[in-house]
Amino acid sequence: MSEAGTGDSDRGLADKASGAYRVLARKYRPTNFSELIGQEPMVRTLTNAFATGRIAQAWMLTGVRGVGKTTTARILARALNYKTATVDRPSVDLVEIGEHCRAIMEGRHVDVIEMDAASHTGIDDIRDIIDRVRYAPVSARYKVYIIDEVHMLSTQAFNGLLKTLEEPPPHVKFIFATTEIRKVPITVLSRCQRFDLRRIDASLIKADLARIAALEGIEVEDEALTMVARAAEGSMRDAQSIFDQAIAHGGGRVDAETVRAMLGLADRARIVDLFEHVMAGDVAAALAELRAQYDTGADPAAVLTDLAEFTHLVTRLRFVPSAAEDATLSEHERRRGAQFAERLSVRVLSRSWQMLLKGIPEVQGANRPLSAAEMVLIRLAHAADLPTLDEALKSLEGASSPSSGPGGGAPAPQNGGGNGATAVARSRVRGTGGGPAMRLVEAAREAAPLAPAPQEETAAEAEPAVPVKSIADIADLADRHRDMTFKVLLKRCVRPVRFEPGRIDVSLTEDAPRTLLNDLTARLRSWTGRNWLVSLSREEGGQTLAELEAARRESAFLDARNDPAVAAILARFPGARVIDVRIPDAPSAQEGDMEAELPDEPSDDDND
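Heads up, the sequence shown is in this note's numbering, so the first residue is -18 and it goes up one at a time.
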């Protein structure tokens, strides 16, 4: 008989003997490392450590609720104290039940002390542990202290534990568990071997729930298991608890409709239909679908959460088509998600995602969740009809350039006459397979009166262009406009990458303010009278102006020290040093030299 089968048989016999019902989370709690699900890296590390005798003195187990931290701690205590008729050493191969195994797994062994740090937070509780670690174990090989939620200990308690934790007696082992690893002092973490227990994949949770259903003799639908696995969010304990509740709710039979009604979830197929209505901008159909799901028991916040998950799925399928192979996806989601990924742009999907992230908390905190959810859908549908930024820019450019020539539309108005031009830009993204239009963009703008023809502009009316070809030119503009603070930031934080007319690519230093690029764009527009596109480049870029000035200054100091006259002065006056280098105005000096070398012009007296 397999090890897992032996454990399941023991559980069944224990239940029959006691006559009491045990919840699934306790009944099917792992009893050895082979039953742990989704924690293979940790199991491999512990297996190698036990095989080579490199057993740590303390372990730190961290992860979200329900991934098996306390269970792993008990299994580890069992492995440390494993003893059978043939094996008397620490081992992770827990083939059969040892002398201490059952008592340890049930939490009643005298040498395995479990403490909840949430209710024992003070230094007095730690002093009690320190006083008792000096005594040898009563019957087991090691005295094991399991401290759950260790991050709840006070600062004094942590400090009191440090010395014992660093140099514990050879017969003592510590196992800590926490969900808030950032709250544990680094001095404690450095003395422990740390294991990060990962969230369990939904497909693994679904497979284990199917195994439990078979052992319990429960008839369950595959879609129902998928819903429970999703709702657990990586926690096996949560999944087993929800499944236990679903069994009781359905009277021994678990189907998708039962789980959906119990959890207040919406039908995934209807979520896809709602997504289609919203992306098509059909507000009436979207509101009707939301009301229908609400009448069947779906929670409005849960509907929007599922809508956000499907939006994320469509976006992910656009870049990773292999994501459709996820076992937790239904065939409906897989097929229609791929179709939406081909039709919708990333900008539309990203905008919808951001609006849903903002709208879900609004619905959760609203007094009337359904009304709040309807307003979120209205905003989403309205945004689906709006043009993207690129489309809006193109429509504005088209409005500012009137058509001319045969069939080009109305002629351009004369100077001082006409009421302007109206630009209407339509952009349609049609679905494949004969589906309805997914997006319709129709924006109209009243254009401003056209500017006079270029040949009619006078030189006085034309604003002179300000040349900007380098970071130094921008620094000169800042100096000219007396913006010293921005000039300092520009010289210290901006590395040039590429300069083009109207476009600048730069990289920033680590200490650059987050708003520096926006400030640079605004100031260039104000100082030069034109729009500039300032982009952050991934390239390293050149040196900053401050670095260039520092290099030139260092070069000047080096040249000064190497000068024979300066070197003689430094040697003549011990302790003297060069603190500044000033270069005279070279052109003025040259002009003065030239004037001194010019011969005097002949005078009339000389001619005489």
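Where is the CB? At the ideal position from N, CA and C, for every residue including glycine.
*Within the segment 146 to 198, note down every full beta strand (DSSP E) run reaching 3 residues or more, in order along the chain.*
DSSP runs (the beta strand (DSSP E)) wholly in the segment 146 to 198: 153 to 159, 174 to 177.
*Looking only at its own chain, which residues have a Cβ that is under 7 Å from the Cβ of Val24, when we skip the five neighbours before and after it?*
Only residues of its own chain outside the window of five on either side were considered, and among them Phe14, Leu17 have a CB closer than 7 Å to the CB of Val24, listed in chain order.
*How long is the line joining the alpha carbons of Asp182 and Glu481, rounded to whole angstroms?*
Rounded to the nearest angstrom, the gap between the Cα atoms of Asp182 and Glu481 is 49 Å.
*Identify whether Arg122 lies in helix, strand or coil by the three-state DSSP scheme.*
Assigned with DSSP and collapsed to three states, Arg122 falls in coil, not helix or strand.
*Counting along the chain, where does the beta strand (DSSP E) carrying Phe480 start and finish?*
475 to 481 is the extent of the beta strand (DSSP E) around Phe480.
*Buried/exposed call for Asn62, threshold 16 Cβ in 10 Å*: Buried, by the Cβ-count rule.
_According to DSSP, simplified to helix, strand and coil, what is Ile18?_
Three-state DSSP puts Ile18 in coil, outside helix and strand.
*For Ala434, name the three-state secondary structure that DSSP assigns.*
Here Ala434 scores only 39 on pLDDT, less than 50, and its place in the model should not be relied on; the value that follows carries that caveat. Three-state result, Ala434: coil.
*Just the Cα atoms here: how many angstroms apart are Ala158 and Asp105?*
Looking at the two C-alpha atoms, the distance is approximately 20 Å.
*Give the DSSP-derived three-state secondary structure of Gly386 in the structure shown.*
Caution applies to Gly386, whose pLDDT of 43 falls short of 50 and renders its modelled position unreliable; the model cannot decide the point.
*Could you check if Phe300 is buried or exposed, using at least 16 other CB atoms within 10 Å of its CB as the buried criterion?*
Answer is exposed; the Cβ neighbour count stays below 16.
*Looking at the unbroken beta strand (DSSP E) that takes in Met96, where does it start and where does it end?*
It spans 93 to 97 - the beta strand (DSSP E) in which Met96 sits, taken as one unbroken run.
_For Val235 and Ala212, believed in contact at Cβ under 8 Å, the rounded distance_ = Not really, about 13 Å apart at Cβ, beyond 8 Å.
_Contiguous alpha helix (DSSP H) assignments of at least 4 residues, all confined to the segment 204 to 249_ = Unbroken alpha helix (DSSP H) stretches of 4 residues or longer found wholly inside the segment 204 to 249: 217 to 230, 237 to 244, given in chain order.
*What do you reckon, are the CB atoms on Ile162 and Ala54 nearer than 7 Å?*
No, the pair does not count as a contact, with Cβ atoms beyond the cut-off.
*Can the beta-carbon of Val91 be found closer than 7 Å to that of Val119?*
Contact: yes.
_Give me the residue from Leu178, Glu202, Leu288 with the minimum Cα distance to Lys187._
It is Glu202 whose Cα lies nearest to the Cα of Lys187.
*asked:* Just to confirm before moving on: does the CB-CB distance between Asp219 and Thr43 stay below 7 Å?
replied: Their beta carbons are not under 7 Å apart, which means Asp219 does not touch Thr43 by this criterion.
*asked:* Less than 6 Å between C-beta atoms, sequence neighbours within five positions excluded: which residues of the same chain meet that for Leu505?
replied: Excluding positions up to five away in sequence, the list reads Trp513.
*As assigned by DSSP and simplified to three states, the class of Trp513*: Correct three-state label for Trp513: coil.
_Taking the alpha carbon of Arg172 as the reference point, which residue from Leu142, Ser184, Leu271 has its own alpha carbon closest?_
Considering only Leu142, Ser184, Leu271, the residue with the shortest C-alpha distance to Arg172 is Leu142.
*Those residues which DSSP pairs with Leu57 across a bridge*: Paired residue(s): none; Leu57 is not in a bridge.
*How many Å lie between Gln345 and Ala282 at the Cα?*
Computed Cα separation, rounded: 6 Å.
*Can you give me the Cβ contacts of Asp254 inside the same chain, cut-off strictly under 7 Å, excluding the 5 residues immediately before and after it?*
Answer for Asp254: Glu270, listed in chain order.
*Looking only at its own chain, which residues have a Cβ that is under 6 Å from the Cβ of Val4, when we skip the five neighbours before and after it?*
A distance below 6 Å between beta-carbons, with the five flanking residues on each side excluded, links Val4 to the following residues of its chain, in chain order: Asp225.
*Note down the Cα distance separating Arg479 from Asp486, rounded to an integer number of angstroms.*
A straight line joining the alpha-carbon of Arg479 with that of Asp486 spans about 5 Å.
*Under 8 Å Cβ to Cβ from Leu330, same chain only, skipping five residues before and after it: list those, please.*
Around Leu330, the same chain offers Thr292, Val295, Thr296, Arg299 as residues with beta carbons nearer than 8 Å, after the five sequence neighbours per side are excluded.
*As assigned by DSSP and simplified to three states, the class of Ser135*: Three-state result, Ser135: coil.
*Nearest to Glu214 by CA position, among Arg179, Gly232, Glu200, Glu197, is which residue?*
Looking at the Cα atoms, Arg179 is the closest of the given residues.
*Among the residues of its own chain, which have a CB less than 6 Å from the CB of Val515, if the five just before and after it don't count?*
If you ignore the 5 residues before and after Val515, its C-beta comes within less than 6 Å of the C-beta of Ile485, Leu498, Leu501, Thr502, all in its own chain and listed in chain order.
*What number of angstroms, rounded off, separates the C-alpha of Ile36 from the C-alpha of Thr28?*
Those two C-alpha atoms are separated by around 10 Å.
_Are the CB atoms of Ala493 and Cys474 within a distance shorter than 7 Å?_
The answer is yes: Cβ separation under 7 Å.
_Contact set for Ile110: own chain, Cβ-Cβ below 7 Å, skip 5 residues either direction_ = Contacts found: Tyr126.
*asked:* Is Arg506 near the ligand SAM - that is, is its Cβ less than 6 Å away from at least one heavy atom of it?
replied: As far as ligands go, the structure on display features none, and thus does not contain the ligand SAM.
*Would you check if the segment 318 to 338 and the segment 356 to 365 touch, i.e. whether three or more CB-CB distances between them fall below 8 Å?*
The segment 356 to 365 makes contact with the segment 318 to 338; the number of CB pairs closer than 8 Å reaches 3 or more.
_C-alpha distance - Glu200 paired with Gly233, whole-angstrom precision_ = Going from the Cα of Glu200 to the Cα of Gly233 covers about 7 Å.
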